[in-house]
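Notes follow once the structure below has been shown.
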Amino acid sequence: MSYTNAVLKETLRLCSPAGGVTKQTLCDMTVLGHFIPKGTTILFLLTGPTINLPGAEVDEARRSETSQKTSGEGVGDWSRSRFPPGEFHAERWLHADENGGSVRFDNRAGPFLSFSNGPRGCWGKRLAYLELKLIITLLVWDLKFARLPEELRDDGLVQGLFTKPKSCLVKLESLSVTG
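Quick note: the sequence shown uses numbering that gives the first Met the number 0, first residue 0, plus one each step.
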């Protein structure tokens with residue numbers, strides 16, 4: 000199940016179903032030296048720098064005292080990963096234990112915001128994961144996903160309120176033995 004979790008997480012990291020979420024500030028605040036008044040609506044992108052692109056460099060002196068104190072905590076960005084942030088590698092979410100034995104799924108291996116985060120994150124996140132695991136299991140149980148001919152491949156996306164593929168062609172072969 001660890002590899003299934005890693006594939007799901009990596010798929011959603013690279014192709015988040017939603018491009019962003021909005022939040023409203025509850026009090027006046029300063030972020031990286033910029034004043035933001037209470038009631039301001041802020042758009043948080045769920046993809047881009049630190050998620051599927053290298054993170055932007057920020058002068059530590061511009062960060063708040065709290066941010067500086069906690070800079071070593073959390074997940075950081077994907078710059079420390081051995082895999083480029085813009086490429087699909089489910090293995091970035093998997094880590095071997097100290098003995099080099101079993102491999103475990105690390106939910107906090109790096110930044111991930113496809114369902115937003117915190118108390119106002121997506122309430123349907125667990126249901127979505129359950130449904131995705133069920134669908135993937137049923138598909139790979141009985142079908143082989145074959146490689147499409149190059150002329151039919153299209154990795155393009157249409158960005159809007161939700162992200163969707165420009166085309167969605169798959170080549171399936173049955174694994175069932177009949178007879």
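A virtual CB, placed ideally from N, CA and C, is assigned to each residue, including glycine.
These numbers were taken from a predicted model, which means no experiment stands behind them.
Query raised in the report: With a cut-off of 8 Å, do at least 3 Cβ pairs link the segment 78 to 96 to the segment 50 to 60?
Result: Flag = yes, the segment 78 to 96 and the segment 50 to 60 touch.
Query raised in the report: Around the C-beta of residue 113, are 16 or more other C-beta atoms found within 10 angstroms, so that it is buried, or is it exposed?
Result: Against the sequence shown, residue 113 aligns to sequence position 114. It counts as buried.
Requested in this report: Could you work out which residue in 169, 161 and 144 is closest to residue 150 when comparing CA atoms only?
Outcome: The residue you call residue 150 lines up with position 151 of the sequence shown. Of the listed residues, the one whose Cα sits closest to residue 150 is 169.
Report task. Quick one: using the 10 Å Cβ neighbour count with 16 as the cut-off for buried, is residue 7 buried or exposed? Result -> What you label residue 7 is simply residue 8 of the sequence shown in a count that begins at 1. Looking at its Cβ environment, which holds 16 or more other Cβ atoms inside 10 Å, residue 7 is buried.
**Report entry** Uninterrupted alpha helix (DSSP H) stretches inside the segment 29 to 89 (no shorter than 4 residues)
**Finding:** Qualifying alpha helix (DSSP H) stretches, in chain order: 64 to 68.
Query raised in the report: For residue 15, does the three-state DSSP call read helix, strand or coil?
Result: Indexing the sequence shown from 1 puts residue 15 at position 16. Looking at residue 15 - three-state DSSP - the assignment turns out to be coil, as it is neither helix nor strand.
**Report entry** residue 164 versus residue 147 - alpha carbon distance
**Finding:** Start at 1 with the first residue of the sequence shown, and residue 164 comes out as number 165. Start at 1 with the first residue of the sequence shown, and residue 147 comes out as number 148. The alpha-carbon atoms of residue 164 and residue 147 are separated by roughly 15 Å.
Report task. Write down the C-beta distance between residue 63 and residue 109 rounded to the nearest angstrom, noting that I regard them as a contact closer than 8 Å. Result -> Within the sequence shown, residue 63 is the residue found at index 64, counting from 1. Within the sequence shown, residue 109 is the residue found at index 110, counting from 1. In this structure residue 63 is not in contact with residue 109, their Cβ atoms being roughly 22 Å apart against a cut-off of 8 Å.
Query - Contact under 8 Å by Cβ, residue 76 with residue 92 - result: Within the sequence shown, numbered from 1, the residue matching residue 76 stands at position 77. Within the sequence shown, numbered from 1, the residue matching residue 92 stands at position 93. Result no, Cβ atoms of residue 76 and residue 92 do not sit closer than 8 Å.
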